[in-house]
Amino acid sequence: MTPDGFFVRVSGANPQVQTQRSRDRRQITYTFTNAILANRVPRRDLIVNRFGVSRVQVTDSQAVPPSVQITLFVERKAPNWEARISTFGSNALGGVALVPVDTPQRTALNPPYLPTPNRPPDPPPLIPPPSYGNPDLATIQAIDLGNNDSQLLIQASRSVVYTSGWDRSAGAYRINLPARLAAGIRTPRTGAGSPILRLQLRQEDSRTVTILVYPAAGIQIGDINQPNPQLVALELTRTQSVQVPPPLTRPLTVPPPVNSYPPPNTSYPPISQPRPPKGRLVVVIDPGHGGPDVGAVGIGGIWEKNIVLDVSRQVADLLERQGIQAVLTRPDDRDLDLEPRVQIARQVNATIFVSIHANSINLSRPDISGIETYYYATGARLAQVLHRNILQGTGAKDRGVRTARFYVIRRTTMPSVLLEIGFVTGQEDASRLSTAAYRSQMAAAIARGILEYLQSP
Numbered sequence: 069m070t071p072d073g074f075f076v077r078v079s080g081a082n083p084q085v086q087t088q089r090s091r092d093r094r095q096i097t098y099t100f101t102n103a104i105l106a107n108r109v110p111r112r113d114l115i116v117n118r119f120g121v122s123r124v125q126v127t128d129s130q131a132v133p134p135s136v137q138i139t140l141f142v143e144r145k146a147p148n149w150e151a152r153i154s155t156f157g158s159n160a161l162g163g164v165a166l167v168p169v170d171t172p173q174r175t176a177l178n179p180p181y182l183p184t185p186n187r188p189p190d191p192p193p194l195i196p197p198p199s200y201g202n203p204d205l206a207t208i209q210a211i212d213l214g215n216n217d218s219q220l221l222i223q224a225s226r227s228v229v230y231t232s233g234w235d236r237s238a239g240a241y242r243i244n245l246p247a248r249l250a251a252g253i254r255t256p257r258t259g260a261g262s263p264i265l266r267l268q269l270r271q272e273d274s275r276t277v278t279i280l281v282y283p284a285a286g287i288q289i290g291d292i293n294q295p296n297p298q299l300v301a302l303e304l305t306r307t308q309s310v311q312v313p314p315p316l317t318r319p320l321t322v323p324p325p326v327n328s329y330p331p332p333n334t335s336y337p338p339i340s341q342p343r344p345p346k347g348r349l350v351v352v353i354d355p356g357h358g359g360p361d362v363g364a365v366g367i368g369g370i371w372e373k374n375i376v377l378d379v380s381r382q383v384a385d386l387l388e389r390q391g392i393q394a395v396l397t398r399p400d401d402r403d404l405d406l407e408p409r410v411q412i413a414r415q416v417n418a419t420i421f422v423s424i425h426a427n428s429i430n431l432s433r434p435d436i437s438g439i440e441t442y443y444y445a446t447g448a449r450l451a452q453v454l455h456r457n458i459l460q461g462t463g464a465k466d467r468g469v470r471t472a473r474f475y476v477i478r479r480t481t482m483p484s485v486l487l488e489i490g491f492v493t494g495q496e497d498a499s500r501l502s503t504a505a506y507r508s509q510m511a512a513a514i515a516r517g518i519l520e521y522l523q524s525p
């Protein structure tokens with residue numbers, strides 16, 4: 069986010085960008101052809117509530133040629149937006165600025181947002197940049213913990229506004245402020261004993277400060293507000309420790325695969341019904357999103373968080389009835405950050421970690437449906453087994469097994485996967501995921517895959 073709109077950093081060839089506004093004027097979609105998303109870019113809705121834009125949706129398509137879509141959800145009477153190519157020097161490509169068409173032209177004293185190319189991931193030195201003739205810009209003077217460590221307090225020299233939300237790619241809570249950092253700014257303690265695991269400050273450009281808050285284990289990010297115009301307060305709440313349920317031994321056979329929807333062009337051999345493995349095994353099931361974070365919103369207004377919670381509960385129940393300890397990172401519709409999900413898996417010494425999500429793309433692409441399975445490092449075999457069982461058990465379209473750097477599978481220490489059990493924006497997937505019968509079918513396929521993986525050498 070920039071003071072005037074949005075900046076899309078790109079690398080490689082000069083992008084080809086097409087802009088289209090929906091008939092109801094509520095969506096403006098930029099399509100970048102011959103483009104792919106970097107792994108760190110979140111493929112989720114980003115809450116904005118600025119410039120007349122309520123949220124931004126970033127999706128990609130694996131069609132030929134590949135493309136990336138960035139959709140702005142705007143008010144009906146909002147002005148049109150355009151894409152402006154920004155470059156560094158005569159040839160080097162910088163990115164694409166997305167701005168309203170009525171944005172006034174910048175002067176030399178107030179230049180457009182041009183981020184430093186090839187910036188390293190670590191923050192730059194905390195040296196206040198020049199204000200470019202803007203003495204009214206606020207200065208962030210101090211960041212402290214207050215109210216018995218239950219608040220993170222950001223103190224500015226004058227009235228300041230902010231935007232905030234979860235940066236799912238970084239696994240941190242992001243706060244953006246039109247300001248500059250003071251030299252030698254005071255920051256709170258982090259690490260052991262602090263509710264903040266890490267705090268990262270960035271002077272993104274001459275007018276924008278970004279603060280990334282990484283909560284410690286057992287800490288939940290709450291509301292953000294302004295007690296006064298110069299102070300921003302972020303609530304920090306301690307959650308209760310995880311209680312591991314005892315193993316259940318009630319006999320239950322996981323339903324066999326339903327073959328009425330055979331996946332096309334597959335040659336998977338039939339698998340025998342797995343039996344519960346011996347020994348103490350713990351499986352952590354992670355329903356994505358929750359609470360105010362509804363995840364993707366699909367056809368008919370279905371919410372990702374509700375779909376994945378239902379499927380996850382059923383998977384956990386099937387596993388427990390087979391004598392496997394199953395731990396849900398969120399057993400109900402609660403808000404849960406990414407780091408606590410990872411800490412839960414570590415605390416219970418999980419054998420495997422399975423995060424369950426539902427995919428999405430632009431609502432103008434109802435033709436795209438299918439299953440995607442992601443892993444990082446040691447989760448390759450688990451991903452293959454689960455993916456095959458889901459395809460066999462549901463007949464869903466196969467969109468492949470891939471590697472990714474999603475926070476919850478990258479930061480866990482046991483074999484971990486992230487399942488995208490269908491597109492809520494896909495006509496075929498959305499109609500199925502909306503039914504309880506199909507969600508039970510999906511849960512049975514996932515449970516069967518987990519049992520097969522656990523019993524195999």
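Every letter in the sequence shown is one number past the one before it in the numbering used here, and letter 231, counting from 1, is 299.
Beta carbons: idealized from backbone N, C-alpha and C, even for Gly.
Small disclaimer: the values here were computed from a predicted structure and weren't measured.
Item	Value
Pair within 8 Å by beta-carbon distance, D401 and L377	yes
Pair within 8 Å by beta-carbon distance, T462 and A513	yes
Reference L405; option with closest CA among G290, Q95, W149	The sequence shown places Asp at residue 405, not Leu. When only C-alpha atoms are compared, the closest one is G290.
Helix, strand or coil at Y538 [DSSP, three-state]	Residue 538 lies beyond the stretch modelled for the chain, which goes from 69 to 525, so this question has no answer here.
Residues sharing a beta bridge with V115, DSSP	The sequence given here places Ile at residue 115; Val does not occur at that position. DSSP output for I115 lists R123 as bridge partner(s).
Beta-carbon spacing of V485, I477 below 8 Å	yes
Rounded C-alpha distance that separates A498 from T481	33 Å
For I104 and S44, the rounded distance between their alpha carbons	Beyond the ends of the chain as shown, which are 69 and 525, falls residue 44; an answer cannot be given.
Contact set for V350: own chain, Cβ-Cβ below 6 Å, skip 5 residues either direction	Q393, V416, A418, T419
Rounded C-alpha distance that separates L267 from I279	7 Å
In DSSP terms, what R266 is bridged to	Y282
Where A39 falls, given that 16 or more other Cβ within 10 Å makes a residue buried	Only positions 69 to 525 of the chain appear in the structure, and residue 39 is not among them; the question remains open.
Inter-residue Cα distance where the pair is L269 and E520	45 Å
Reduced DSSP category for E143 - H, G, I as helix; E, B as strand; rest coil	coil
Residue burial classification, R306 (beta-carbon count within 10 angstroms, cutoff 16)	exposed
Distance between T503 and E496 (C-alpha atoms, nearest Å)	12 Å
Residues near L454 by beta carbon distance below 8 Å, same chain, minus five either side	V422, T441, V485, L487, I514, G517, I518, Y521
DSSP three-state assignment for R242, whether helix, strand or coil	strand
Coil, strand or helix - D273 by DSSP	strand
CB-CB length for I489 against V379, believed under 8 Å	6 Å
Spatial distance of P360 from K373 (CA atoms)	10 Å
Pairwise C-alpha distance: R507 and D72	43 Å
Under the three-state DSSP convention, the category S309 falls into	Note that S309 has pLDDT 41, beneath the 50 cutoff, so the model's placement of it is unreliable and no number is given.
Same chain, Cβ closer than 7 Å to G80, five either side skipped, listed in chain order	none
Start-to-end residues for the beta strand (DSSP E) that takes in S484	484–491
Supposed close pair A151, V85 - CB separation, criterion 8 Å	4 Å
Residue span of the beta strand (DSSP E) that contains R89, given as start and end	84–89
Buried or exposed by the 16-neighbour rule on C-beta atoms within 10 Å, applied to E407	buried
Three-state secondary structure assigned by DSSP to G359	coil
Start and end residues, beta strand (DSSP E) containing R223	At residue 223 the sequence reads Gln, which differs from the Arg that was named. Residues 219–224.
Option nearest N102 by Cα separation, candidates P134, G120, L114	P134
Beta-carbon contacts of A206 that lie in its chain and below 6 Å, excluding the five residues immediately before and after	A224, S225, R226, V228, A247
Three-way DSSP call (helix, strand, coil) for D385 in this model	helix
Check whether Q411 and L304 have beta carbons under 8 Å apart	no
Span of the alpha helix (DSSP H) around T397	Careful: T397 lies outside any alpha helix (DSSP H) and carries neither H nor E.
Member of R473, R414, N427 whose CA lies at the smallest distance from the CA of H357	N427
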